[in-house]
Every structure is written in structure tokens, then in C-alpha cells.
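Asker:
Number of protein chains: 2
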Amino acid sequence: MALDLAILSGAGALPPDLARAYPDALCITFTGINHSLPGRTEDHSFERLGKLFAVLKERGIRRVVMAGSMYRPALNPENFDAFMRQISPQLVAALQLGDDGLLRFVIDLFESHGFTVCGAHELLPELTAKAGILSQVVPQSKHHEDIEKGRALLGVLSDADIGQSTVFENGLCLGIETLQGTDALLRFVGQTPSYLRRGQGGVLIKTPKSGQDLRVDMPTIGPDTIREVQAAGLAGLAIDAGRVLLLEPEQTRALVAQFGLFLIAQEI
Amino acid sequence: MALDLAILSGAGALPPDLARAYPDALCITFTGINHSLPGRTEDHSFERLGKLFAVLKERGIRRVVMAGSMYRPALNPENFDAFMRQISPQLVAALQLGDDGLLRFVIDLFESHGFTVCGAHELLPELTAKAGILSQVVPQSKHHEDIEKGRALLGVLSDADIGQSTVFENGLCLGIETLQGTDALLRFVGQTPSYLRRGQGGVLIKTPKSGQDLRVDMPTIGPDTIREVQAAGLAGLAIDAGRVLLLEPEQTRALVAQFGLFLIAQEI
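Read top to bottom, the protein sequences are chains A and B. Residue numbering for the first sequence follows this note's numbering, beginning at 1 and increasing consecutively. Residue numbering for the second sequence follows this note's numbering, beginning at 269 and increasing consecutively.
The structure is reproduced here in C-alpha cells:
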């Protein structure tokens, strides 16, 4: 039972997964933001958060989960309700802070209005992987070396608030994720001319940045990631146990098996 | 006069620039490596470096400059001369070390045979930029902020031996160069969906890695770089004074002017 839960829904497979697991939850969508929820949704607007808070309270909602990708919507101040007009100065400041700062601001808004902000991984723990090798294929020692190099690089980058992912292959760095996301990184890697690569068989390493708020911005992999890993000529993936979401986990694992990749979740 | 100089020529505009400035230099090309030198070249093979050293000494060559891009040629040990057979064990070790290690090994080989390895920038100082703004258009304060962020990131990455270049735009990192090179980075940046960018007007920041041997592996920009910067929707470029080569400097500057970009060389 989750009559006190609202799912604030963006695009992708995660909101439907949550809605299935919590059939009594209130599903909120936002004007201008894609979503893939079947029926049963209530549409709101980022320009009228005051109204959203009032509706959530009326319905007895105490917990909210933000799920799915929500690119910054274009806000038209003419449509702001009283609440949004009141917080406009702080919003202006938050908009300068980058995505992490803006998310932090949104979380604080909800919390200061008495809501608890949950992470999808707290509501659906089975969406994250336990430590271990999740595939029949096992990484070889050269893959472990690439994973170590990738993790070391991501550790360094994390302090600069950049990069959830990198690809290493036989000791070479083939790419670093920036704001275009993991799939764009993998397509870029796949276009690397073969004379620049030392054979194939690299590894995608994906991990949260240090200080990343896993409640609202958790790294994810899913079937599309696996297809791009395969298309890029890589041998497998290394993720953090408990800190990276597996979207559509059954299909994700099935594709890993079908392509003969490895998938390892590591306790960090 | 440079009767004691040999230009070891790879692809690109730099070998012809050097050949024009040093018309008496001996131009060496390599089987399987593209070059754009008109006439007057002598072809050698990486598989017969013993023969190359003998020829260079016969001709009175004392200085060599490696210029242009030379991707790793496929070496066939069956074609090795006695010298190459002798150094094979060390070559095997060097090949594991990555490009920087391999270059270091090649430099040591030449030096241990009595040659001086020069940098193209030492022979053609006018190919590097003096500190200052090399364009009519001047970077604005937001561009200086992006340049500072980019330099800070490259400083961090340098210790991991990654990245000569990065693109920042209004505080966001749009890409980091890996082994695919600067043009590939810029094409990737240009494909970034506009909803992920905060407007246009970013900066390409390019600088040597710490410890990079500028004699054989100096960062370069040229007309193609400027075209890609323009195509990616950026506002300009920031490079190091004296430590980044400007290929075809006149055409490079003309394109900077034509596209209304800025180009700043900074004393580091």
C-alpha cells in the first residue's frame, strides 16, 4: 500500500516500473515533459508548483519520488502562480548552479513543504544489483585492469563534478561521459577508427559521482545501454552494486546474455 | 642552411611547412604512412631502422625532426633488419607503454645513435603563438570563466595522461578529448542536442598534457580545427602561448576572422 506516495514522472521506463510496484501511488506528469505512463495520471506544471503542493497535501501525499528523465522545461513566468512568483529570486539563483544545484533546490522545496523525497532505488531495491557477476561471461584480468583504470579516472573527475561513465579498452581511454549521456558516449566510442583501437573488448564503467544525490539522480543502465555497448564493440560493463539502477532488469540481463557480454556489480 | 637536418614526415601540413622553411633538409617518408610532401622525398621503413640510421649518417645528418601524424604502422617482423631484430625485446616492452611511452622509446633510439631530436616549434618558432589575443573578437568574461574551468579540468586529467582539449560552454563541460583527437571531439560537441546546451558560445581549450614531450607530440590547431569550432557553434579557442602549434597560421587566422571567433594564447 502506498496511498501516501506520489510519482513525479519523467520519460523512460522507470516511472512505469514504479507505478506497477505501487499501484495506489498518485502518478503526476508535467506539461511539456514526455512520459510513458499508461492512463491514471494527473498533469501539472512546473510553473504552478504552489498548486501541485496543495493538491498533494489534499490527497494525503507524504512521500514523493522523482523518476525518469526531466530535461529543463522552458518556464514562462507569466504563468507562475503566487508560490512561484514568491520563490522566483531563489529560482533565478538555483538556475545558475547547474543541474545538480537545481535538483538540490527542488528537493529542498519539497522537503521544506513537509514531503519526504525518496529515491527510486529505495522503493524498488530489486532495480539495483547486488555485488557479483551478473552474467555467464566473466571478465578477464585485462578487463579488471581496464575497470580499475576507469574507476581511478572517474574518481578524479568526480571532484570536478563531471562524468558518470568512461570506456577503457586494453589500457586506452576511449571516451568520457559529459552531459550528452552514456548512450551518446557509447555511439562516439563506436565511431572510433579501428587503427586507433587496440583490438576490441573494452569496458563501460559506470558509477555515481561523489556527492551525487541518489534519490533524484541515480545512474542507470538498461536494454538500450546494452545494445550500445554491443554496437561499440565492447566486452562488458562494470557498475556499482546498489548504486546504479537496472531498468527493465530482466530484458537487460537477457541482452547481456544474448550478446555474450559480462556485467559485474562491485561493492564500493 | 640545414644540410644536417632530416624531416621524418607523417601526414598533415606540418612537414611541407618545415620543408619550405628548410629547403636543404632531407625529407624522409615511411612506407604505409601518408604524407603530403611534393617530390624530393626518400622512402624508408620502420622495419629497417638500422638502414635508416646508416643512410642518415652517410648524409651527414645530425638533427632529426618528427613532424606530422604517424599512426602506429603494422610492423612485420619478417622484414626486420639486424638492428630491429636486436632491439625487438625492448620494442615489445615499449609497445605496451601507450603512445607516450612508445614515442619516448623512439626518441631514445635516435639519441642513442647520436642524433639530436628537435621539435618542429624549435625549427619554426613562428608556428606557435605569442601570448595575447590573436583575433579582432575578444573573449568576454563568461568565456574567461569557461577557459578557467577548462584549464582546471585539463590540469586534473593531465595526471591521468588523458585529454589535451576540452569544451566548456556557459559553465557546462560539453566534451573531453580522448584518443580520437580534437576534430572528433568537436564533431561530438556539435551533435549535442540544443536542449542540453545553455545557448551557444562555448570555448575549445587546448593545452599540452604535463610531461608531454613537445619535440615529438605537440598539440596543434589549424584551419580544420577552426572550421570544426565554427560548426560546433562555439565562440572561440584558448591555447597555450608557445606550446601549441598553429598549422598554416595565415589561413588559420583568416578563418578565425571570417567566422567572427576569438583566439587567445595564454602564457602558462
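Even for Gly, the Cβ is constructed at its ideal location relative to N, Cα and C. These numbers come from a predicted model, not from an experiment.
Could you check the C-alpha separation between R215 of chain A and I264 of chain A for me, to the nearest Å?
Answerer: Roughly 23 Å between the two C-alpha positions.
Asker: Does F30 of chain A have its Cβ less than 8 Å from a Cβ in chain B?
Answerer: Chain B, which has no Cβ nearer than 8 Å to the Cβ of F30 of chain A, makes this no.
Asker: Below 8 Å between beta carbons: does that hold for P461 of chain B and R511 of chain B?
Answerer: The answer is no: Cβ separation not under 8 Å.
Asker: Output the distance between the C-alpha atoms of P249 of chain A and A241 of chain A, rounded to the nearest integer angstrom.
Answerer: P249 of chain A and A241 of chain A: Cα-Cα distance of roughly 14 Å.
Asker: Report the partner residues of I507 of chain B according to the DSSP bridge assignment.
Answerer: I507 of chain B is bridged to B:K474, B:A533.
Asker: Would you say F530 of chain B and A499 of chain B are within 8 Å of each other, going by their C-beta atoms?
Answerer: Not in contact: F530 of chain B and A499 of chain B (Cβ atoms no closer than 8 Å).
Asker: Is the distance from the Cβ of R316 of chain B to the Cβ of F383 of chain B below 8 Å?
Answerer: Result no, Cβ atoms of R316 of chain B and F383 of chain B do not sit closer than 8 Å.
Asker: Over the uninterrupted alpha helix (DSSP H) stretch that includes H412 of chain B, give me the two end residues.
Answerer: Looking at the DSSP string, the run of the alpha helix (DSSP H) that includes H412 of chain B is 409-426.
Asker: Pick helix, strand or coil for T297 of chain B, following the three-state DSSP scheme.
Answerer: T297 of chain B falls in the strand class under three-state DSSP.
Asker: Determine which residues share a DSSP beta bridge with A274 of chain B and list them.
Answerer: According to DSSP, which records beta bridges pairwise, A274 of chain B is partnered with B:L294, B:V332.
Asker: Using the rule of at least 16 other Cβ atoms within 10 Å of the residue's Cβ for burial, across every protein chain shown, is I536 of chain B buried or exposed?
Answerer: The residue in question, I536 of chain B, is exposed, as its Cβ has fewer than 16 Cβ neighbours within 10 Å.
Asker: Please give me, in chain order, every unbroken run of the alpha helix (DSSP H) with length at least 4 that falls completely inside the segment 57-125 of chain A.
Answerer: Segments of the alpha helix (DSSP H) lying fully in the segment 57-125 of chain A: 82-95, 98-112, 120-123.
Asker: Give the DSSP-derived three-state secondary structure of G458 of chain B in the structure shown.
Answerer: In the structure shown, G458 of chain B sits in a helix (DSSP, three-state: H, G or I).
Asker: How would you label Q354 of chain B, buried or exposed, when you count the other beta carbons within 10 angstroms and need 16 or more for buried?
Answerer: Answer is exposed; the Cβ neighbour count stays below 16.
Asker: Contact defined as beta carbons within less than 8 Å: I believe M218 of chain A pairs with G119 of chain A. What is the distance between those atoms, to the nearest angstrom?
Answerer: With 8 Å as the limit, M218 of chain A and G119 of chain A qualify as a contact, their Cβ atoms being about 6 Å apart.
Asker: Mind pulling the chain A residues with CB within less than 9 Å of L421 of chain B?
Answerer: Going along chain A in sequence order, the residues near L421 of chain B (Cβ under 9 Å) are L157, A160, I162.
Asker: Output, in chain order, the set of chain A residues within a Cβ distance shorter than 7 Å of G443 of chain B.
Answerer: T178, listed in chain order.
Asker: Taking only beta-carbon atoms, is L324 of chain B less than 8 Å away from chain A?
Answerer: So, not an interface residue.
Asker: Should P341 of chain B and L305 of chain B be called a contact, given that it needs their Cβ atoms to be closer than 8 Å?
Answerer: No; because the gap between Cβ atoms is not below 8 Å, this pair is not in contact.
Asker: Regarding L255 of chain A and the ligand GTP, is the C-beta to nearest heavy atom distance less than 7 Å?
Answerer: Among the ligands in the structure shown, none appear at all, so the ligand GTP cannot be discussed.
Asker: Please report the distance separating the alpha-carbon of F298 of chain B from that of E346 of chain B.
Answerer: For F298 of chain B and E346 of chain B, the distance between alpha carbons rounds to 17 Å.
Asker: Give the range of the alpha helix (DSSP H) segment to which D224 of chain A is assigned.
Answerer: Start and end: 223-231.
Asker: Where do the ends of the alpha helix (DSSP H) carrying V256 of chain A lie?
Answerer: From DSSP, the alpha helix (DSSP H) with V256 of chain A extends over 249-259.
Asker: Under 8 Å: do the segment 449-463 of chain B and the segment 404-419 of chain B share three or more Cβ pairs, one atom per stretch?
Answerer: Short answer: they don't touch.
Asker: Let's test the definition: count the other Cβ atoms within 10 Å of the Cβ of S210 of chain A and tell me whether it reaches 16, buried, or not, exposed.
Answerer: Exposed, by the Cβ-count rule.
Asker: Determine whether the Cβ of L172 of chain A lies closer than 8 Å to any Cβ atom of chain B.
Answerer: Chain B contact via Cβ: present.
Asker: Within the 8 Å Cβ cut-off, does F321 of chain B reach chain A?
Answerer: Not an interface residue.
Asker: I'd like to know whether the C-beta atoms of T520 of chain B and I489 of chain B end up nearer to each other than 8 Å.
Answerer: Yes.
Asker: When you compare the CB of T450 of chain B with every CB in chain A, is at least one pair closer than 8 Å?
Answerer: T450 of chain B does not count as touching chain A.
Asker: Return yes when the Cβ of V189 of chain A is within less than 8 Å of the Cβ of L237 of chain A, no when it is not.
Answerer: Not in contact: L237 of chain A and V189 of chain A (Cβ atoms no closer than 8 Å).
Asker: With 8 Å set as the bound, which would you pick, yes or no: does the beta-carbon of Y339 of chain B sit closer than that to a beta-carbon of chain A?
Answerer: Yes, Y339 of chain B counts as interfacial toward chain A.
Asker: Run through the DSSP bridge pairs and tell me what I133 of chain A is partnered with.
Answerer: In DSSP, I133 of chain A forms a bridge with A:I264.
Asker: Is it buried or exposed, K417 of chain B, if we count other Cβ atoms within 10 angstroms and call 16 or more buried?
Answerer: K417 of chain B comes out buried.
Asker: Let's test the definition: count the other Cβ atoms within 10 Å of the Cβ of E445 of chain B and tell me whether it reaches 16, buried, or not, exposed.
Answerer: It counts as buried.
Asker: Quick one: does F456 of chain B have its CB under 8 Å from some CB of chain A?
Answerer: Judged by the 8 Å Cβ criterion, F456 of chain B is in contact with chain A.
Asker: Which residues bound the alpha helix (DSSP H) around L502 of chain B?
Answerer: Run containing L502 of chain B: none; DSSP gives neither H nor E here.
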